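Chain order of the listed sequences is C and B. Numbers in our numbering are just positions in the first sequence, counted from 1, shifted up by 1. Numbers in our numbering are just positions in the second sequence, counted from 1, shifted up by 8. In this text, a Cβ means the ideal position worked out from N, Cα and C, and glycines have one as well. Remember, it's a predicted structure, so these values are computed and weren't measured experimentally.
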Amino acid sequence: MTTRRQFNKLAAMGTLGLAAPTILSSKAFAADKPIKIGASVSLTGPLASTRAGEIGYQLWRDDVNAAGGLLGRKVEFVIYDDQSSASNVPAIYSKLVDVDKVDVLISPYGANLSAPLMPFIKQRNLFMVGMFALAGNDRARSNKYFHACPWGPDSMLGWARGFFDIAKSINAKRIAIINSDLEFSSSAAQGGAQVAKEYGMEVVMNQSYPPNTSDFSAILRNINNVAPDAVFVCSYPADSAAIIRGVKEIGINDSVQIFGGSMIGPQYGSLLGSLGEDLNGLVNITTFVPEPTLQSPGIESFFKRYTPIAIEQKLDPLGFYIPPFYYVAGQIIEAGVKGSESVDIEKMAQYLHANPIDTIVGKVAFNDIGDWTKRRTLMIQIQNVKGNDINQFREPGKQVILDPAELKSGNLITPYNAARKAS
Amino acid sequence: MKRNNLIFALGAILILLAGFFAPSIVTNPFYFFAGYVIVQYIVIATGWNVLGGYAGYINFGAAAFFGSGVYLSAFLFNAFGLPLWVGIIGAAALGAILGLAMGYLTLQIQGVYFAIATLGLVIVLETIVHNLPGLGGARGMAVYGPAPPEWSGGPVQYVFFVILIIAVACVALARWIEHSWIGRGLRAVRASEDAAECSGVPTLKLKLMACSISGAMLAAAGAPYPFYTNFVEPVTAFSLLIGLNAIAMPLIGGTRSWAGPIIGAIILASAQQIATVTISSELNILFVGVVLIAFVALAPNGLLGLAKRKSAGTAQ
């Protein structure tokens, strides 16, 4: 038989038991929960080379957690493989938001994988850090999107502007533009043609080529025939390598002062190593190089820790182009949380719009659509490379910065033929 | 048969009603995102099976039809603001025309050569899209669809319900074909085209019909996709993985019945959705390959074939 006291005890314990999940999940206990950051990374598929960026996330997470976390809470990443396919992205990000209940999002790599997300984050009013998408937020115009990469405002034109600024400074008038028939090579070429027009230059050749082109002899002979002052090349890794090798075999007209501009590939360790001294003289776009004007204790520490992990995992051993900016993505979130003293995305966004933040790649301020207020894409010239030892690219003086002016670390060697021979 | 028809019709209505009311019961949008992919594959598998399963003509080019549906619907919306239902009808018509053109290939070539030719269709269409700036070229095209109707519960819930309607319509059509004179004729083509021709079966007419219907279903499957991802680009729209899955799903479920592709699609697409967010997606792709090889080797007639064999054995 149950006495009244036993009954009351049982009822109290039962009530407590039923209420426990609610109490434990209430705000009072939320401070103990980790801050969750959701992202997809292309671990497989055609963009799998970008997975080196994930090391950037891991290093930032370890740094933050070692320093006691954010607002006393540990930071945790929830990462899925998008297989480099846009069709996987909507379901993955819905899972991150609706099932994993992450606090903030980081976009997948590049414009093609980020684009499916933009209406989603706008409709759901979510906070997201963008990764390497050119003009990623130009259409959605979310006020809670912050770009981790340095394209700056008006990125379609900004991507090409550094090259044309240099061309203008040496009084180049006749421009040849060649581009692969693929996504952003075409955009970069269009941007280049517009900037050339703006600067009063004459585009004497504007030719696109199929993405699987491996023999550039006809195109290079055409360039030699028109004898331009500058050649703006918008290519992807395989064609970048083929063009550089083609120049070595066929030669280039002495009229060409600068050559390169928008070649994807010579930013990666694999291509820097395989092309080696054939890259001398190339003026090209990149995001980070180990020049004294870009050094800071933060970036030095980053690469000190990145390199052994990348070598062990057989990823890009140099990692200049992408990985530091994955670390920066974490720093943007960190600045938002610490600055606003909350994980409330409205407050975080307000803080980031109002305050410049310090990152391992320098001070960053955001405009109303989360682009960097100032373009900081680098235009470098590859100089003094000897042989194919990849480690020489860790030293300054091999990829000297020509633009932007405030980060300049060396002088342009011109004409291109002289720069190719100089060592 | 009439009783079965009634049960099928009731089932179809129940499924549509469940899809219509699902947003008020299932509040988590993730299930609609994942569900969309699974239902989309039901349409693709059913469409592929009309030609591949019923007539025995292996089509590796499912992605060509799917991609053309994706691009037509995206283009009609972006260029003219035409609503999704126009895109679906337009995509189905384009798929039927492409299917008819592909059907004429069957006059010249059969077997593995036909399969290779269909693969070529994917490459041709993808290359065309790559080189058409009006379709966004290689860089793709953003598709910011209109606000969904209020009753739908949200954008993803809306496209889920749309693909569900397409799936029910396609499955009903596939079932009708299977039980009609067309299905009987196609079975004869699959068994022996020469024998069928000698017996007076209009093989050419049937093959052209199967190609057109299959093409229409595959293209219709692609029509809502731009409103699901809000972005289309040629590599994903014409992905060979779509072609691979289109073959694998009917093979797993069974190619000789309308129900086989549905069973295969639910099993494989669900497993892939789960695997994408739980295990390595390299293993996910490996999983498709292993399952495909296992079924081809051990159960060439799919799960339905296995069940039939087992029930026949029990009856003996």
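Next on the checklist: Quick check: is the beta carbon of serine 247 of chain B nearer than 8 Å to any beta carbon in chain C?
Outcome noted: At least one chain C Cβ lies under 8 Å of serine 247 of chain B.
Next on the checklist: Below 8 Å on the Cβ atoms is my contact criterion, and I expect leucine 214 of chain B with isoleucine 190 of chain B to pass it. Report the Cβ-Cβ distance as a whole number of Å.
Outcome noted: That belief holds up - the Cβ atoms of leucine 214 of chain B and isoleucine 190 of chain B are roughly 6 Å apart, short of 8 Å.
Checklist entry - Buried or exposed: isoleucine 96 of chain B, going by 16 or more other Cβ atoms within 10 Å of its Cβ? => result So isoleucine 96 of chain B ends up on the buried side.
Item to check | Assumed close pair alanine 190 of chain C, isoleucine 178 of chain C - CB separation to whole angstroms, cut-off 8 Å | outcome: Sure, about 5 Å apart at Cβ, within 8 Å.
Checklist entry - Along chain B, in chain order, which residues have C-beta atoms closer than 7 Å to that of proline 117 of chain C? => result Near proline 117 of chain C (Cβ distances below 7 Å), the residues of chain B are Thr237, Asn238, Phe239.
Item to check | Rounded separation between phenylalanine 28 of chain B and leucine 183 of chain C - CA only | outcome: For phenylalanine 28 of chain B and leucine 183 of chain C, the distance between alpha carbons rounds to 41 Å.
Checklist entry - Unbroken beta strand (DSSP E) runs of length 3 or more, entirely within the stretch 325-371 of chain C: which are they? => result Fully enclosed beta strand (DSSP E) runs of no fewer than 3 residues occupy 358-360, 363-365 of the stretch 325-371 of chain C, in order along the chain.
Checklist entry - Between C/Gly54, C/Glu342, C/Lys145, C/Leu127, which lies nearest to alanine 350 of chain C when the distance is taken from Cα to Cα? => result Of the listed residues, the one whose Cα sits closest to alanine 350 of chain C is C/Lys145.
Checklist entry - The beta strand (DSSP E) with glutamate 77 of chain C in it runs from where to where? => result From DSSP, the beta strand (DSSP E) with glutamate 77 of chain C extends over 76-82.
Next on the checklist: In the DSSP output, what is histidine 148 of chain C paired with across the bridge?
Outcome noted: In the DSSP assignment, histidine 148 of chain C is bridged to C/Gly131.
Checklist entry - To the nearest angstrom, how far is it from the Cα of methionine 14 of chain C to the Cα of glycine 73 of chain C? => result In this predicted model, methionine 14 of chain C has a pLDDT of only 47, less than 50, meaning its place in the structure is not dependable enough to derive any value.
Checklist entry - glycine 69 of chain C to tyrosine 327 of chain C, Cα distance in whole Å? => result For the pair glycine 69 of chain C and tyrosine 327 of chain C, the Cα-to-Cα distance works out to about 21 Å.
Checklist entry - Which of the three DSSP states, helix, strand or coil, is assigned to valine 257 of chain C? => result Residue state for valine 257 of chain C is assigned as coil, using DSSP reduced to three classes.
Next on the checklist: Report the CB separation of proline 325 of chain C from glycine 57 of chain C in whole angstroms; it is logged as a contact under 8 Å.
Outcome noted: The C-beta separation of proline 325 of chain C from glycine 57 of chain C comes to about 6 Å, placing the pair in contact by the 8 Å criterion.
Item to check | C-beta atoms of serine 220 of chain B and alanine 71 of chain B nearer than 8 Å | outcome: No, Cβ-Cβ distance for serine 220 of chain B and alanine 71 of chain B is not below 8 Å.
Checklist entry - Can you list, in chain order, the residues of its chain whose CB lies under 7 Å from that of isoleucine 334 of chain C, leaving out five sequence neighbours each side? => result Annotation for isoleucine 334 of chain C: Ile38, Val105, Val130 place their beta carbon closer than 7 Å to its own, counting only its chain and skipping 5 residues before and after.
Checklist entry - Comparing the C-beta of tyrosine 166 of chain B with each C-beta of chain C, is any distance below 8 Å? => result Output row for tyrosine 166 of chain B: interface = no.
Checklist entry - Looking at the unbroken alpha helix (DSSP H) that takes in phenylalanine 38 of chain B, where does it start and where does it end? => result Counted as a single uninterrupted DSSP element, the alpha helix (DSSP H) harbouring phenylalanine 38 of chain B occupies residues 38-60.
Checklist entry - Ordered along the chain, which non-local residues of its own chain (more than five positions away) have a Cβ less than 8 Å from that of proline 37 of chain B? => result Apart from the 5 residues on each side of it in sequence, proline 37 of chain B sits with its Cβ closer than 8 Å to the Cβ of Gly162, Val164, Gln165 in its chain, given in chain order.
Item to check | Cβ pair valine 197 of chain B, alanine 109 of chain B closer than 8 Å | outcome: No, they are not a contact pair.
Item to check | Contacts that threonine 284 of chain B makes with chain C (C-beta to C-beta distance below 8 Å) | outcome: Among the residues of chain C, those whose CB is under 8 Å from the CB of threonine 284 of chain B are Tyr81, Asp82, Gln84, Asn89, Ala92, Ile93, following chain order.
Item to check | Close beta carbons around alanine 141 of chain C, own chain, < 6 Å, minus the five adjacent residues each side | outcome: Excluding five sequence positions before and after alanine 141 of chain C, the CB atoms of its chain that fall closer than 6 Å to its own CB belong to Met119, Lys123, given in chain order.
Checklist entry - According to the neighbour-count rule (16 or more other Cβ atoms, all chains shown, within 10 Å of its Cβ), is tryptophan 160 of chain C buried or exposed? => result Tryptophan 160 of chain C comes out buried.
Item to check | Closest Cα partner of valine 325 of chain B within the set B/Glu241, B/Phe168, B/Val209 | outcome: Since the first residue of chain B shown is 9 and the last is 324, residue 325 of chain B is not available in this structure.
Checklist entry - DSSP three-state call for valine 151 of chain B: helix, strand or coil? => result In the structure shown, valine 151 of chain B falls within a coil segment according to DSSP collapsed to helix, strand and coil.
Next on the checklist: I need the DSSP call for isoleucine 323 of chain C, collapsed to helix, strand or coil.
Outcome noted: DSSP places isoleucine 323 of chain C in the coil class of the three-state scheme, outside both helix and strand.
Checklist entry - Short check: CB of valine 227 of chain C to CB of methionine 206 of chain C, under 8 Å? => result Yes. Within cutoff.
Item to check | Three-way DSSP call (helix, strand, coil) for aspartate 279 of chain C in this model | outcome: Collapsing the DSSP output to three states places aspartate 279 of chain C in a helix.
Next on the checklist: Here's the rule: buried if 16 or more other CB atoms are within 10 angstroms of the residue's CB, otherwise exposed. What is tryptophan 373 of chain C?
Outcome noted: Counting C-beta atoms within 10 angstroms of its own C-beta, tryptophan 373 of chain C has 16 or more neighbours from the protein chains shown and is therefore classed as buried.
Checklist entry - Should alanine 72 of chain B be flagged as near chain C, meaning a C-beta pair shorter than 8 Å? => result For alanine 72 of chain B, the answer is no, since every Cβ of chain C falls outside 8 Å of its Cβ.
Next on the checklist: For leucine 14 of chain B, count the other beta carbons within 10 Å of its own beta carbon; 16 or more makes it buried, fewer makes it exposed. Which is it?
Outcome noted: Label assigned to leucine 14 of chain B: exposed.
Checklist entry - Does arginine 421 of chain C get closer than 8 Å to chain B when you measure Cβ to Cβ? => result Chain B, which has no Cβ nearer than 8 Å to the Cβ of arginine 421 of chain C, makes this no.
Item to check | 8 Å Cβ cutoff met for leucine 408 of chain C and threonine 294 of chain C | outcome: In contact: leucine 408 of chain C and threonine 294 of chain C (Cβ atoms closer than 8 Å).
Checklist entry - With 16 as the cutoff for other CB atoms within 10 Å, does proline 141 of chain B come out buried or exposed? => result Counting Cβ neighbours within 10 Å, proline 141 of chain B comes out exposed, since fewer than 16 surround it.
Checklist entry - If we ignore side chains and look at the alpha-carbon of each, how far apart do threonine 135 of chain B and glycine 75 of chain B end up? => result Cα-Cα distance, rounded: 12 Å.
Item to check | Residues of the stretch 177-188 of chain C whose Cβ lies closer than 9 Å to any Cβ of chain B, in chain order | outcome: Those residues of the stretch 177-188 of chain C that come within reach of chain B (Cβ to Cβ, closer than 9 Å) are Ser181, Asp182, Leu183, Glu184, Phe185, Ser186, Ser187, Ser188.
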